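Note that the sequence shown ends on residue 373 in the numbering used here; no numbers are left out.
One structure is given here, and the rest of the page talks about it.
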Amino acid sequence: MFHNLLCFLMSMKSADTMSTSSESFASSRKDLIQALSYYAQPDCRKALIQVTNTFIPYISLWAVMIYMVVQGASVWITLLLSVIAAAFLVRLFILFHDCCHGAFFPWRTGNRLFGYVAGILTFTAFEDWQRSHVIHHANSGDLDNRGEGDVWTLTVAEYLAASRPKRFAYRVFRNPLILFSITPLILFLIVHRFPSPGAKKREHFSVMFTNVAIAALVLVMSLTLGFYNYLLIQFPIILIAASVGMWMFYVQHQYEDVYWARNDSWDLTRSGLEGSSYYKLPVVMQWIVGNIGLHHIHHVRANIPNYNLQRCYNEVPALQAVTPLTLRKSVQSLWLNLWDEEKQKLVSFNSIKKLPRRKRHPGYSTD
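See below:
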């Protein structure tokens, strides 16, 4: 079965595959989903191990930094420790992310409880983010359903037809210095303090509860250490962790041959396998980000726990047909800013410099 899946997946972009019957396509997709179902089994022991090797080091680093600040130690020591603490906060967010998919613990209550706690530490309301993230999974790669839980992406035609202020705003947003420093701070410190559009009563409560808990935590820490000393510890941690998180999310869906399609031809499985990268990282970095670099698997079957993703990749040959995105290659994606519908790839601003501004129309070509 895996050999057939491999052949199928490797030929998904070919003309022959595009002409196969919808029944054959649905059958192959069903086979893949069924093959992955074996790995979508939460394991309480593995989850508790991850809680232990993530939560305890993070809290311990906080304790050490508090001690250093109280003792008047060098600020540079605190900043160095904050880099390490930020790595554990990134990992904690991955566990939070698994809880949002109901994939971390075997029980809904366990996922919800730990999700709320982790959400306070990561400045993210559990149920509100859970809702918007589910929408992201449902619409990822769909050109007609952009805007929820994704990085702002315009097509070449849309950019050329946009007003000057909109094009300027888009260029500013896509600037790496803005995208990976200011934007993450705004997202985690400001945007997450409000319910997302379309949020219901449960999501509103989640945001309110998280905000109150964060405010209480800030108050206690400020009264204990002083507000400045609290910021000296918290701000570098949240800045670094949020920036790393933004980078990971960016490279998982923003690379040259990523998959985008109009709604009438968009396919969820192709979106997962071709529109989500396999970001191949060094072992230590992969551990920090909780295997989330295997994002193509995650988008095909979102309820596979992070601790099962690598084994899933190793044992299902069909998933290995995806070309890995290396660290070097991922850096190049910083200069890919627009989706070219004609060429079916992301292109840079420089590549369209000589193209005239024009109204968007279905037959637009960049040639």
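Ideal Cβ placement from N, Cα and C applies to all residues, glycine included.
All values reported here derive from a predicted model rather than from experimental measurement.
Through-space distance from residue j to residue i, alpha-carbon basis
{"i": "Thr-128", "j": "Ile-188", "result": "17 Å"}
{"i": "Arg-268", "j": "Ser-354", "result": "21 Å"}
{"i": "Ser-146", "j": "Ala-92", "result": "28 Å"}
{"i": "Ser-169", "j": "Val-224", "result": "42 Å"}
{"i": "Tyr-284", "j": "His-302", "result": "6 Å"}
{"i": "Gln-350", "j": "Glu-262", "result": "9 Å"}
{"i": "Asp-37", "j": "Asp-156", "result": "28 Å"}
{"i": "Lys-360", "j": "Leu-54", "result": "56 Å"}
{"i": "Lys-52", "j": "Arg-118", "result": "17 Å"}
{"i": "Trp-407", "j": "Tyr-45", "result": "Nothing about residue 407 can be read from this structure; the chain reaches only from 7 to 373."}
{"i": "Ile-83", "j": "Tyr-176", "result": "38 Å"}
With 16 other Cβ atoms within 10 Å as the buried cut-off, status of residue i
{"i": "Val-328", "result": "buried"}
{"i": "Glu-347", "result": "buried"}
{"i": "Cys-105", "result": "buried"}
{"i": "Asn-343", "result": "buried"}
{"i": "Asp-150", "result": "exposed"}
{"i": "Pro-39", "result": "Correcting the residue type first, residue 39 is Ile in the shown sequence and not Pro. Under this definition Ile-39 is an exposed residue."}
{"i": "Thr-275", "result": "buried"}
Beta-bridge partners of residue i, as assigned by DSSP
{"i": "Leu-300", "result": "Tyr-284"}
{"i": "Val-353", "result": "Leu-344"}
{"i": "Ala-53", "result": "Ala-53 is not bridged to any residue."}
{"i": "Ala-267", "result": "Asp-148"}
{"i": "Thr-161", "result": "Trp-345"}
{"i": "Leu-127", "result": "Paired residue(s): none; Leu-127 is not in a bridge."}
Beta-carbon spacing of residue i, residue j below 8 Å
{"i": "Leu-300", "j": "Tyr-319", "result": "yes"}
{"i": "Ala-109", "j": "Pro-63", "result": "no"}
{"i": "His-107", "j": "Asn-309", "result": "yes"}
{"i": "Leu-1", "j": "Gly-296", "result": "The first residue shown for the chain is 7 and the last is 373, placing residue 1 beyond what the model contains."}
{"i": "Ser-138", "j": "Val-257", "result": "no"}
{"i": "Val-264", "j": "Gly-281", "result": "yes"}
{"i": "Ala-124", "j": "Val-213", "result": "no"}
{"i": "Phe-186", "j": "Ile-244", "result": "no"}
{"i": "Ala-266", "j": "Trp-345", "result": "The question names Ala, but residue 266 is Trp in the sequence shown. Yes, the Cβ-Cβ distance between Trp-266 and Trp-345 is below 8 Å."}
{"i": "His-305", "j": "Leu-315", "result": "no"}
Reference residue i, options the options, closest by Cα
{"i": "Gly-232", "options": "Arg-114, Arg-97, Val-75", "result": "Val-75"}
{"i": "Leu-98", "options": "Phe-61, Tyr-285, Val-306, Leu-229", "result": "Phe-61"}
{"i": "Cys-50", "options": "Gln-316, Leu-361, Lys-286, Thr-115", "result": "Thr-115"}
{"i": "Val-178", "options": "Trp-158, Leu-166, Val-162, Leu-191", "result": "Trp-158"}
{"i": "Asp-134", "options": "Ile-239, Gln-260, Arg-208", "result": "Arg-208"}
{"i": "Leu-42", "options": "Ala-221, Phe-120, Ile-358, Arg-317", "result": "Arg-317"}
{"i": "Gly-204", "options": "Leu-95, Ala-219, Gln-136, Ser-228", "result": "Gln-136"}
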